[in-house]
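Heads up, the thing below is written out as structure tokens.
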Amino acid sequence: MKHFLKEIDFDKAQLLSFIDSALDFKAKKKAKEGHAYLSGLNIALLFEKPSTRTRAAFTVAAQDLGMQVTYLGASEIQMGKKESVADTAKVLGSMFDGIEYRGFSQQIVEDLAENANVPVWNGLTDEWHPTQMIADFMTLKEHFGYLEGLNLTYIGDGRNNVANSLLVTAAKLGVNITIIAPKSLQPDQEVIDLAKIQSTGGTIHITDDITASKGSDAIYTDVWLSMGEDADFKERIDLLWDYQVNQNLLDLTENPEVIVLHCLPAFHNTKTEISKTIYETYGYESLEITDEVFQAQSDIIFQEAENRLHSIKAILYWSLK
Ligand code: CP
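When we follow our numbering, the leftmost residue of the sequence shown carries the number 1094, and every step to the right adds one.
Here is the structure:
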């Protein structure tokens, strides 16, 4: 069964083949070349957390491949409340050809995979965000033309799902990865060890020193408080304030060609309900990335967002072809 649950389940060649397949699908889409190779299949999208990119990407990718899609939101099914994950998996697996899950514990998506008898895809858990990785490294490959030896620096909350996924995926792909985070927000030793074991030659550097960004080809950041995380927002902002992606941080890279990636959504201005409340309460106009940097880098950031579609399509096709 071809599940897509976490990056460590795949070797370097497999990860690269997802990226190459995603680039092919992107070219087909741009050329308006039909690719409804999976017509007649049905997939279910289970979302226990909100989403824009992942939901839209799974939906359009499946439809482009000729499939029908059913969205099942957290309040619309019984899973976990009146019905176990295993029983839900057996029912959905008897009706659908594949199941996407976005939610909390990695164990849930693993349990779905064990019981569904159809492919299961991880659309984000608290631990990993693997579909995001194929889009991110695809974007790096599009921009630079290669991956091995690139210097990728993640700065911010180094223990969240995106940081975990970047750490192990970069290690597997031979990309030099630096995680810059305050000591209390650095990756778990278990994830660092996994990355070291799976490394194919790139360096792994974990530090709280922002000057370690020197020589970066790409800077990556993410929100400072993840979905469902129970933490004091002001404390988190105070802890991470020095780790904001701003012009000073980009200057520290000493690379005028450095690019910035962000999986989105981003707190870069006060144009959302939450960011307005943060501004009114604490006086911050942006958090993990300034609006100046976000706007200057928006072409590559939105290219990264678009690549969620092509990369998820490659994953669906690999599972179901
Ligand atoms: N990056 C990402 O997962 O976006 P969504 O939360 O909108 O799906």
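Even for Gly, the Cβ is constructed at its ideal location relative to N, Cα and C. Nothing here was measured: the structure is a model prediction, and the numbers come from that model.
Taking 8 Å as the upper bound for CB-CB distance, Pro-1280 and Gly-1321 are not in contact here, some 19 Å apart. Relative to Leu-1098, the option among Met-1172, Arg-1146, Ser-1114 and Leu-1205 whose CA is nearest is Leu-1205.
Distance between Ala-1398 and Leu-1333, taken at the CA atoms: about 24 Å. Each residue's CA atom was taken as its position, placing Ser-1258 and Leu-1233 some 15 Å apart. In this structure, Thr-1246 keeps its C-beta atom at 8 Å or more from the C-beta atom of Ile-1290. Counting the other CB atoms within 10 Å of its CB gives Asp-1315 a total of 16 or more, which places it among the buried residues. Burial is judged here by how many other beta carbons sit within 10 angstroms of a residue's own beta carbon; Tyr-1194 has at least 16 and is buried.
Short of 6 Å from the beta carbon of His-1403, and not among the five residues preceding or following it, lie these beta carbons of its own chain, in chain order: Ala-1115, Phe-1118 and Lys-1119. Put simply, the backbone Cα of His-1236 is about 25 Å away from that of Tyr-1336.
Collapsing the DSSP output to three states places Ala-1398 in a helix.
Going by C-alpha positions, Trp-1411 is about 14 Å away from Phe-1151. Around the beta carbon of Phe-1111, 16 or more other beta carbons lie within 10 angstroms, which makes this residue buried. A direct Cα-to-Cα measurement between Thr-1365 and Lys-1142 gives close to 18 Å. A buried status is given to Phe-1140, since no fewer than 16 other beta-carbon atoms sit within 10 Å of its beta-carbon.
In this structure, His-1355 lies away from Pro-1212, with their beta-carbon atoms at least 8 Å apart. Nearest Cα to Ser-1198 within the set Asn-1253, Pro-1349 and Ala-1228: Asn-1253. Rounded to whole angstroms, the Cβ separation of Leu-1342 and Ile-1248 is 7 Å, and the two are in contact under 8 Å.
Proximity annotation: ligand 1 has residues Ser-1144, Thr-1145, Arg-1146, Thr-1147, Leu-1217, Gln-1225, Cys-1356 and Leu-1357 in chain order, each selected because its CB is closer than 6 Å to a heavy atom of the ligand. In this structure, Lys-1406 and Ala-1154 form a Cβ contact; the two beta carbons are roughly 4 Å apart against a cut-off of 8 Å.
Counting along the chain, Thr-1232 sits inside the alpha helix (DSSP H) bounded by residues 1223-1237.
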